[in-house]
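To convert, note that position 210 of the sequence shown is 209 in numbering that gives the first Met the number 0; the numbers rise steadily by one, no gaps.
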Amino acid sequence: MKMIEAITEQLPAWRERVNRLRTQFGSLKVCDVTVEQIYGGIRGVQIQVSDISYVDPYEGIRLRGYTIPEVLEYLPKKPGSDFPLVGGLYYLLMTDRLPNEAEADEVEQEWASRSQIPEHVYQVIRQFPRDTHPMTLFSVAIMALQPSSQFASKYAEQMFTSEGLPKGDYWKYYLEDSMNLIAKLPGIASFIYNYKYRNEEIVSYSPELDWSANFARMIGKAEDLRYQDLCRLFFVIHSDHEGGNVSAHTSYLVSSALSDVYLSCAAGMNGLAGPLHGLANQECIRWVLQVREAFGGHVPGKEELTDHLRRQLQAGKLIPGYGHAVLRVTDPRFTVQYEFAKKYISNDPNIELIGRVFEVLPPILAENGKVKNPYPNVDAINGALQYHYGVKEFDFYTVLFGMSRILGLTAHIVWGRILGKPIERPKSLTTAMLEQLAEKSLQSLER
Ligand SMILES: CC(C)(COP(=O)(O)OP(=O)(O)OC[C@H]1O[C@@H](n2cnc3c(N)ncnc32)[C@H](O)[C@@H]1OP(=O)(O)O)[C@@H](O)C(=O)NCCC(=O)NCCS
Numbered sequence: 000m001k002m003i004e005a006i007t008e009q010l011p012a013w014r015e016r017v018n019r020l021r022t023q024f025g026s027l028k029v030c031d032v033t034v035e036q037i038y039g040g041i042r043g044v045q046i047q048v049s050d051i052s053y054v055d056p057y058e059g060i061r062l063r064g065y066t067i068p069e070v071l072e073y074l075p076k077k078p079g080s081d082f083p084l085v086g087g088l089y090y091l092l093m094t095d096r097l098p099n100e101a102e103a104d105e106v107e108q109e110w111a112s113r114s115q116i117p118e119h120v121y122q123v124i125r126q127f128p129r130d131t132h133p134m135t136l137f138s139v140a141i142m143a144l145q146p147s148s149q150f151a152s153k154y155a156e157q158m159f160t161s162e163g164l165p166k167g168d169y170w171k172y173y174l175e176d177s178m179n180l181i182a183k184l185p186g187i188a189s190f191i192y193n194y195k196y197r198n199e200e201i202v203s204y205s206p207e208l209d210w211s212a213n214f215a216r217m218i219g220k221a222e223d224l225r226y227q228d229l230c231r232l233f234f235v236i237h238s239d240h241e242g243g244n245v246s247a248h249t250s251y252l253v254s255s256a257l258s259d260v261y262l263s264c265a266a267g268m269n270g271l272a273g274p275l276h277g278l279a280n281q282e283c284i285r286w287v288l289q290v291r292e293a294f295g296g297h298v299p300g301k302e303e304l305t306d307h308l309r310r311q312l313q314a315g316k317l318i319p320g321y322g323h324a325v326l327r328v329t330d331p332r333f334t335v336q337y338e339f340a341k342k343y344i345s346n347d348p349n350i351e352l353i354g355r356v357f358e359v360l361p362p363i364l365a366e367n368g369k370v371k372n373p374y375p376n377v378d379a380i381n382g383a384l385q386y387h388y389g390v391k392e393f394d395f396y397t398v399l400f401g402m403s404r405i406l407g408l409t410a411h412i413v414w415g416r417i418l419g420k421p422i423e424r425p426k427s428l429t430t431a432m433l434e435q436l437a438e439k440s441l442q443s444l445e446r
């Protein structure tokens with residue numbers, strides 16, 4: 000079944016579920032909000048619904064109900080590869096149904112047919128100095144595609160016609176825009192890579208290859224089948240992490256103003272470019288290399304490493320790749336990448352070091368009870384894998400993350416339109432108002 004048909008089929012049931020909740024249980028209280036939460040980054044405040052994915056603190060992410068190992072096992076694969084087609088993952092995220100091979104392949108073919116990038120996008124990128132951060136170029140390239148938004152032009156057009164565009168149909172244009180944008184991401188990301196670090200080459204999309212392998216081929220890795228598998232793994236596991244993280248929340252918020260997919264995703268990418276969010280992956284491999292450098296290029300033994308890590312922590316330093324705002328166990332996205340590394344590149348000294356840190360660091364981080372999650376997250380290893388296969392430009396890693404994350408962002412955005420979510424507008428208070436509330440609570444305690 001085509002993706003649009005699979006969505007259309009289940010649309011009435013989803014709308015009914017949401018309508019029932021809103022009409023019959025609209026005043027049901029979900030959670031309270033404390034002053035600490037207001038000042039503390041709205042942590043733990045349950046203000047969103049995300050059916051695309053859910054992060055369980057003790058289990059990790061489930062994409063449409065499936066754990067990471069399940070997703071990797073159940074999604075259709077290209078013959079000869081053990082890793083899923085990203086087209087199949089997108090079908091799952093969008094339709095809430097595991098695709099068969101033909102359905103996954105159809106998404107891949109759709110992307111191939113929409114992959115042509117307008118010349119002006121390359122020109123826009125070339126206008127920037129070569130030392131511009133690749134995430135800036137990525138965001139700008141997405142914005143350069145915005146004039147092609149089908150939703151934006153249809154919306155503008157209906158303002159002046161008698162026909163109108165029913166609200167219930169907005170999502171179809173958002174889906175079209177999403178497909179058109181995703182189809183061009185391998186071409187855009189690879190051109191940014193080639194412009195900054197290689198030969199400025201523009202490589203056209205090959206319909207014979209899947210989305211992931213196309214990207215690999217476009218940055219000169221046509222022969223490297225293992226790297227193509229790594230890309231499939233990377234793009235699947237980074238695609239979504241429920242709705243509250245900075246990039247997902249930002250793009251969803253922007254789209255709630257009926258900004259189109261291009262405007263919304265560029266905004267999300269600008270959030271992903273922050274060092275506390277997507278940029279963290281470039282820090283991890285840098286740190287791994289620094290540790291090795293401190294030991295003359297070698298991988299230290301357990302005792303030496305333990306002393307080194309303790310010294311770093313005593314000096315108040317963060318260990319990149321460890322800890323998480325929601326997770327309280329080893330991130331399953333770390334685990335599957337570590338499995339990949341142990342299977343294919345176990346002799347790589349960076350992987351050896353990452354394994355040793357994994358052995359010794361969690362108990363040390365847990366010692367003083369301050370760090371809520373002493374285990375590795377997805378970023379503890381993803382850069383080391385890229386590095387091994389020759390993608391050694393650390394600042395590019397967030398673009399890879401961005402390519403993958405747009406799969407999830409667009410699924411959230413399209414479903415926001417399907418369910419007719421209104422423009423978001425939380426309410427602000429002043430500090431004086433909070434102080435008054437505090438005074439009142441003191442007085443009632445004294446009484
Ligand atoms: C991911 C991260 C931002 C989560 O932050 P958080 O929810 O505030 O984490 P916690 O509640 O566990 O933090 C409690 C304390 O432990 C410290 N801590 C957390 N992770 C740490 C780490 N990896 N190394 C050293 N100290 C750490 C925090 O700095 C904080 O110290 P403070 O109270 O003196 O400010 C944080 O763990 C971190 O910075 N990790 C390293 C960077 C990283 O891997 N980022 C990628 C995330 S996917």
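No residue lacks a Cβ here, since even glycine has one placed at the ideal position from N, Cα and C.
Item to check | Identity of the residues DSSP links to Pro375 by a beta bridge | outcome: Tyr321
Next on the checklist: Using the three-state DSSP reduction, which class does Gly86 fall into: helix, strand or coil?
Outcome noted: helix
Next on the checklist: So, does the segment 130-142 touch the segment 269-283, judging by three or more C-beta pairs under 8 Å?
Outcome noted: yes
Checklist entry - So what does DSSP say about Arg61, is it helix, strand or coil? => result strand
Next on the checklist: I'd like to know if the segment 360-373 and the segment 245-256 are in contact, where contact means that at least 3 CB-CB pairs between them fall below 8 Å.
Outcome noted: no
Checklist entry - At what residues does the beta strand (DSSP E) containing Tyr53 begin and finish? => result Ser52 to Asp55
Checklist entry - Do you know whose CA, among Ser205, Pro128 and Ile236, lies nearest Ala221's CA? => result Ser205
Checklist entry - Got a sec: does ligand 3 put a non-hydrogen atom nearer than 6 Å to the Cβ of Tyr396? => result For ligand 3, the structure offers nothing, since it holds only ligand 1.
Checklist entry - Three-state secondary structure (DSSP) at Lys166? => result helix
Checklist entry - Based on the DSSP output, what are the partners of Lys76 in its beta bridges? => result Pro83
Checklist entry - What is the DSSP secondary structure of Thr22, counted as helix, strand or coil? => result helix
Checklist entry - Which one of Met0, Thr429, Val413 and Gly295 has the shortest CA to CA distance from Ala103? => result Met0
Item to check | Within 7 Å, strictly: CB atoms of Val120 and Ala143 | outcome: yes
Item to check | Coarse secondary structure for Thr66, derived from DSSP in three states | outcome: strand
Item to check | Ser238, DSSP secondary structure in three states | outcome: coil
Checklist entry - Whose C-beta lies closer than 6 Å to the C-beta of Trp170 among residues of the same chain, with five residues either side of it excluded? => result Val413, Arg416 and Ile417
Checklist entry - Of all the options Ile236, His387 and Cys30, which has the alpha carbon lying nearest to the alpha carbon of Ile41? => result Cys30
Next on the checklist: Quick check: is any heavy atom of ligand 1 less than 6 Å from the C-beta of Tyr121?
Outcome noted: no
Item to check | Thr249 - containing alpha helix (DSSP H), residue span | outcome: Val245 to Ser254
Item to check | CB contact flag (Leu308, Leu352, <7 Å) | outcome: no
Item to check | Which of helix, strand or coil DSSP assigns to Arg355 | outcome: helix
Checklist entry - So what's Gln126 in DSSP terms, helix, strand or just coil? => result coil
Item to check | First and last residue of the uninterrupted alpha helix (DSSP H) at Gly401 | outcome: Tyr396 to Ile417
Next on the checklist: Nearest by alpha-carbon distance to Gly407: which of Pro75, Arg21 and Leu88 is it?
Outcome noted: Leu88
Checklist entry - How big is the Cα-Cα spacing for Gly401 and Trp210? => result 14 Å
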